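Peer 1: First, the structure itself, so that you have it in front of you.
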């Protein structure tokens, strides 16, 4: 379970405090913005599938990305981006929190 890419991505997001997320739909052309996102790792042992869930709270998931659908992960100093065929996920530090 902890060798899954999505598990490692969740650790980087939490460690670097990337609290805000923009999800860009490549096909539909619209964006979803989540401030103070709750990022969770979910694992289905029987199917050996791992997911990264982005939500507004513990109970509400806005979007989920499966481990096997990730094409590319780019880690910068202040952001992380995840590329899939259908969507781009941009996780970043809320600039207002940097100067508090």
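Numbering (our numbering), first residue to last: 97 to 196. Ideal Cβ positions, reconstructed from N, Cα and C, are used throughout, including at glycine. Just so it is clear, the structure is predicted and the values come from calculations on it, not from any experiment.
#1: Look up residue 114 in the DSSP assignment and say whether it is helix, strand or coil.
#2: Apply the 10 Å Cβ neighbour rule to residue 141 and answer buried if 16 or more other Cβ atoms are within range, or exposed otherwise.
#3: Let me check understanding here. Comparing Cα to Cα, which of 159, 155, 183, 156 lies closest to residue 168?
#4: Which same chain residues, not among the five before or five after residue 158, have their C-beta less than 7 Å away from its C-beta?
#5: Using DSSP with H/G/I as helix, E/B as strand and the rest coil, what is residue 105?
Peer 2: For this structure:
#1: As a working mapping, residue 114 is identified with position 18 in the chain shown. Residue 114: coil per DSSP, three-state reduction.
#2: Sequence index remark: in the chain shown, residue 141 carries index 45 (1-based). When all chains shown are included, residue 141 counts as exposed.
#3: Residue numbering aside, residue 168 sits at position 72 when the chain shown is read from its first letter. With distances taken between Cα atoms, residue 168 lies closest to 183.
#4: Here the question's residue 158 lines up with position 62 in the chain shown. Cβ within range, chain order: 128, 130, 150, 151, 152.
#5: Translated into the one-based positions of the chain shown, residue 105 becomes position 9. Reduced to three states, the DSSP call for residue 105 is helix.
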